[in-house]
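J.: Residue numbers (this note's numbering): 19 to 187.
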């Protein structure tokens, strides 16, 4: 089986140019870039951004992602079934990955914004041993050390989160 969208030849030159632009702009004004990518999600650049950022985090934390323990995390609240989250832990390093699912029952086209009000009382429980300040490597945002993190705050700027514990208090 072949996805019909994937039968066209790939324009590698164009993809390399887009990748270069994403890397440069993410170093300059990440917030503006994310807003633009969400507004133009159908052009595929948002996927390239997500993959690029995730691979960069993985390259910076190789032991964490290759050897770290997998810990499924608990989501509570009205839309708990609409979120999947897990942690990876290696020594004093920790990552938390949070992704939404079943989105068509939460939001309708053309508005796919996952704002705080969409998630209502839904939150992520952070196990005591993992509590820390968290840096979202996809958005540059910092989430403070708490026992729970609201899903609305996690997805405030981007619909996926890749959090890394911060050693700074």
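Even glycine gets a Cβ: it sits at the ideal position worked out from N, Cα and C.
On the premise that residue 91 lies in contact with residue 143, defined as a C-beta separation below 8 Å, what is that separation, rounded to the nearest angstrom?
T.: Walking along the chain shown from the start, residue 143 turns up at place 125. Walking along the chain shown from the start, residue 91 turns up at place 73. Indeed, because the Cβ distance is near 7 Å, the residues count as touching under 8 Å.
J.: How many Å lie between residue 51 and residue 64 at the Cα?
T.: Residue 51 sits at position 33 when you count from the first residue of the chain shown. Residue 64 sits at position 46 when you count from the first residue of the chain shown. Rounded to whole angstroms, residue 51 to residue 64 spans 10 Å at the Cα level.
J.: Beta strand (DSSP E) containing residue 88: first to last residue?
T.: Taking the chain shown and counting its residues from 1, the one referred to as residue 88 is at position 70. That run of the beta strand (DSSP E) goes 87-90.
J.: Any idea if residue 141 is buried or exposed, counting beta-carbon neighbours within 10 angstroms, 16 or more meaning buried?
T.: Locating residue 141 in the chain shown gives position 123, counting from the first residue. Residue 141 should be labelled buried.
J.: Could you tell me which residues DSSP puts in a beta bridge with residue 113?
T.: Locating residue 113 in the chain shown gives position 95, counting from the first residue. Answer is 106 and 182.
J.: Near residue 67, which residues of its chain fall below 6 Å by C-beta distance, leaving aside the five closest residues on each side in sequence?
T.: Along the chain shown, one-based indexing puts residue 67 at 49. Contacts found: 40 and 55.
J.: Compute the distance between the beta-carbons of residue 125 and residue 102, then report whether it is under 8 Å.
T.: By 1-based counting over the chain shown, the position of residue 125 is 107. By 1-based counting over the chain shown, the position of residue 102 is 84. Taking a C-beta distance under 8 Å as the contact criterion, residue 125 and residue 102 do not qualify as a contact pair.
J.: By how many angstroms is the C-alpha of residue 34 removed from the C-alpha of residue 80?
T.: In the chain shown, residue 80 corresponds to position 62, counting from 1. In the chain shown, residue 34 corresponds to position 16, counting from 1. Each residue's Cα considered, the two are about 24 Å apart.
J.: What three-state label does DSSP hand residue 51 in the structure shown?
T.: To locate residue 51, count along the chain shown from 1; it is residue 33. DSSP places residue 51 in helix when its eight states are reduced to three.
J.: Using the beta-carbon count (16 or more within 10 Å), is residue 162 buried or exposed?
T.: By 1-based counting over the chain shown, the position of residue 162 is 144. It counts as exposed.
J.: Just to confirm, is the Cβ distance from residue 173 to residue 132 under 8 Å?
T.: Numbered from 1 along the chain shown, position 155 holds the residue referred to as residue 173. Numbered from 1 along the chain shown, position 114 holds the residue referred to as residue 132. Cβ distance < 8 Å, so residue 173 and residue 132 count as in contact.
J.: Going by alpha carbons, who is nearest to residue 84 out of 25, 111 and 158?
T.: Position 66 of the chain shown, counted from the first residue, corresponds to residue 84. Among 25, 111 and 158, the Cα nearest to that of residue 84 is on 111.
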